[in-house]
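**Q**
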Ligand code: GYE
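Residue numbers (the working numbering): 34 to 383.
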């Protein structure tokens with residue numbers, strides 16, 4: 034018994050030593066010539082590859098971005114520009130910013146200059162939908178990814194990496210439903226259209242009509258003209274509407290708040306009460322619209338979010354680093370009524 038126990042202990046110790054020996058010896062032992070040649074190489078290649086890849090991965094501080102903005106036609110646009118500039122500053126992105134003063138030819142020139150400067154990414158908010166294929170193709174040929182921001186362009190999908198912006202058709206539909214609520218489904222409406230040929234004007238026009246046709250046969254659009262998304266033009270066109278139709282107008286649908294604010298002035302000068310004699314629904318939900326609602330001169334505003342800077346640069350970085358991005362990144366939006374205006378105005382960022 035004793036002997037066998039001693040033998041057992043010896044055997045266990047011997048085994049343990051053998052195992053420890055193996056473990057201790059194996060890393061230092063020269064690898065057999067055939068298999069060893071591959072193994073250490075494979076083991077070392079991995080961290081080296083990772084290092085090389087992360088060295089190529091850009092960060093915000095490495096990014097040079099060209100941004101072809103439309104202009105400064107509205108409160109919305111001012112907030113949009115501020116959001117892009119502030120975010121670039123915050124992230125340390127080098128931003129080359131161009132203001133096209135609402136002219137497509139200026140935007141095309143800006144894009145060409147960004148291509149010549151070999152920026153990493155181009156952001157563009159196309160003033161109108163058509164006429165972009167040539168210059169977008171030039172960016173593609175130069176290997177510079179292009180992101181559509183705020184407005185879409187009517188081009189084949191391979192000419193841009195993604196579109197970041199709103200569903201303008203849905204905004205038009207929401208405006209129609211809001212108008213029906215205010216008018217009880219019945220009345221004569223005049224319409225201030227945005228910039229002719231722009232995506233928001235085309236879509237807000239279509240979305241509004243879609244809902245009228247489907248649900249509200251007693252709501253009629255009696256006149257419709259462009260006010261180019263500006264206050265001055267909105268006022269001018271509203272004056273013309275009043276001259277032609279006078280008291281027959283029950284309501285105004287304006288494609289943005291600025292045109293509605295211009296129209297409010299025209300209505301007051303004509304001697305009618307905006308918000309009462311002529312009900313008004315517009316789109317954007319900028320601070321000026323909240324103030325007009327508090328004053329009882331605007332009946333509803335449908336939100337269109339201009340604070341696209343953070344999402345834009347996030348997408349730009351992903352794109353230059355070869356990450357997949359969706360073809361459309363929609364922004365979150367709401368509808369606001371006068372009852373909420375006072376409480377919400379202090380929180381509004383635009
Ligand atoms: O509604 C209007 C601006 O493209 C969504 O452009 C934007 C529109 C916005 O001038 O106020």
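Heads up, the beta-carbon is just placed ideally off N, CA and C, and yes, glycines get one too. Values in this document were obtained by computation on a predicted structure and should not be read as measured data.
Can you give, in chain order, each stretch of the beta strand (DSSP E) that sits fully within the region 144-230 and has at least 3 residues?
**A** Segments of the beta strand (DSSP E) lying fully in the region 144-230: 154-157, 179-182, 195-198 and 220-226.
**Q** Taking 7 Å as the cut-off, does the CB of residue 259 come closer than this to any heavy atom belonging to ligand 1?
**A** Here residue 259 is taken as the residue at index 226 of the chain shown, counted from 1. Not under cutoff, so the answer is no.
**Q** Helix, strand or coil, according to DSSP, for residue 91 in the structure here?
**A** Within the chain shown, residue 91 is the residue found at index 58, counting from 1. Coil.
**Q** Does residue 334 pass the burial test, meaning 16 or more other C-beta atoms within 10 Å, or should it be called exposed?
**A** The residue given as residue 334 occupies position 301 in the chain shown. By the 10 Å Cβ count, residue 334 comes out buried.
**Q** With 16 as the cutoff for other CB atoms within 10 Å, does residue 69 come out buried or exposed?
**A** The residue given as residue 69 occupies position 36 in the chain shown. Confidence at residue 69 is low in this model, with a pLDDT of 35, below 50, so the placement of that residue should be treated as unreliable; the coordinate-derived value is given next. Counting Cβ neighbours within 10 Å, residue 69 comes out exposed, since fewer than 16 surround it.
**Q** With DSSP collapsed to three states, give me the class of residue 99.
**A** Position 66 of the chain shown holds residue 99. The answer is strand: DSSP assigns residue 99 an E or B state.
**Q** Considering residue 353, what are the terminal residues of the alpha helix (DSSP H) in which it resides?
**A** The sequence position of residue 353 within the chain shown is 320, counting from 1. Per DSSP, residue 353 belongs to the alpha helix (DSSP H) from 342-353.
**Q** Would you report the Cα separation of residue 189 and residue 171, rounded to the nearest angstrom?
**A** Residue 189 sits at position 156 when you count from the first residue of the chain shown. Residue 171 sits at position 138 when you count from the first residue of the chain shown. So the alpha carbons of these two residues sit roughly 14 Å apart.
**Q** Pick out whichever of 136, 242 and 140 has its Cα sitting closest to the Cα of residue 99.
**A** Walking along the chain shown from the start, residue 99 turns up at place 66. Measuring from the Cα of residue 99, the nearest candidate turns out to be 140.
**Q** Evaluate contact between the region 259-270 and the region 198-208, counting only Cβ atoms and requiring at least three cross-stretch pairs below 8 Å.
**A** No, because fewer than three Cβ pairs between the region 259-270 and the region 198-208 fall closer than 8 Å, the two stretches do not touch.
**Q** Give me the residue from 325, 295 and 290 with the minimum Cα distance to residue 274.
**A** For the purposes of this step, residue 274 is taken as the residue at position 241 of the chain shown. Out of 325, 295 and 290, 295 has the C-alpha closest to the C-alpha of residue 274.
**Q** Does the beta-carbon of residue 199, which I'm using as the reference point, lie nearer than 7 Å to any heavy atom of ligand 1?
**A** Here the question's residue 199 lines up with position 166 in the chain shown. Answer for residue 199: yes, Cβ within range of ligand 1.
**Q** Taking 8 Å as the cut-off, decide whether the C-beta atoms of residue 331 and residue 382 are in contact.
**A** By 1-based counting over the chain shown, the position of residue 331 is 298. By 1-based counting over the chain shown, the position of residue 382 is 349. It is not a contact, given that the beta carbons lie outside the stated cut-off.
**Q** Is it buried or exposed for residue 229, if we count other Cβ within 10 angstroms and need 16 for buried?
**A** Numbered from 1 along the chain shown, position 196 holds the residue referred to as residue 229. So residue 229 ends up on the exposed side.
**Q** Quick check: is any heavy atom of ligand 1 less than 7 Å from the C-beta of residue 107?
**A** Taking the first residue of the chain shown as position 1, residue 107 is located at position 74. Because some heavy atom of ligand 1 lies under 7 Å away, the Cβ of residue 107 counts as near it: yes.
**Q** Any chance the region 94-108 sits against the region 147-164, with 3 or more Cβ pairs inside 8 Å?
**A** The region 94-108, when compared against the region 147-164, does touch it at the 8 Å Cβ threshold.
**Q** Taking residue 163 as the reference, which of 176, 174, 143 and 185 has the closest Cα?
**A** The residue you call residue 163 lines up with position 130 of the chain shown. Out of 176, 174, 143 and 185, 185 has the C-alpha closest to the C-alpha of residue 163.
**Q** Could you spell out where the alpha helix (DSSP H) holding residue 243 opens and where it closes?
**A** Mapped onto the chain shown, residue 243 falls at position 210. Here the alpha helix (DSSP H) through residue 243 covers 232-248.
**Q** Taking the CB atoms as reference points, tell me whether residue 283 and residue 312 lie closer together than 8 Å.
**A** Stepping through the chain shown from its first residue, residue 283 is reached at position 250. Stepping through the chain shown from its first residue, residue 312 is reached at position 279. In this structure, residue 312 lies closer than 8 Å to residue 283 by Cβ.
**Q** Using 10 angstroms around the beta-carbon of residue 92, count the other beta-carbons present and answer buried if the total reaches 16, otherwise exposed.
**A** Working through the chain shown from its first residue, we reach residue 92 at position 59. With fewer than 16 other Cβ atoms within 10 Å, it is exposed.
**Q** Output needed for residue 181: all residues of its chain with C-beta closer than 6 Å, excluding positions within five of it in sequence on either side, in chain order.
**A** For the purposes of this step, residue 181 is taken as residue 148 along the chain shown, with counting starting at 1. Correct list, in chain order: 193 and 196.
**Q** Taking its Cβ as the centre, do 16 or more other Cβ atoms sit within 10 Å of residue 134, making it buried, or is it exposed?
**A** Position 101 of the chain shown, counted from the start, is the residue given in the question as residue 134. By the 10 Å Cβ count, residue 134 comes out exposed.
**Q** Alpha carbon to alpha carbon, what distance is there between residue 176 and residue 349?
**A** Position 316 of the chain shown holds residue 349. Position 143 of the chain shown holds residue 176. Whole-angstrom Cα-Cα distance: 14 Å.
**Q** For residue 256, is the beta carbon positioned less than 7 Å from some heavy atom of ligand 1?
**A** Here residue 256 refers to the residue found at position 223 when the chain shown is read from its first residue. Answer for residue 256: no, Cβ out of range of ligand 1.
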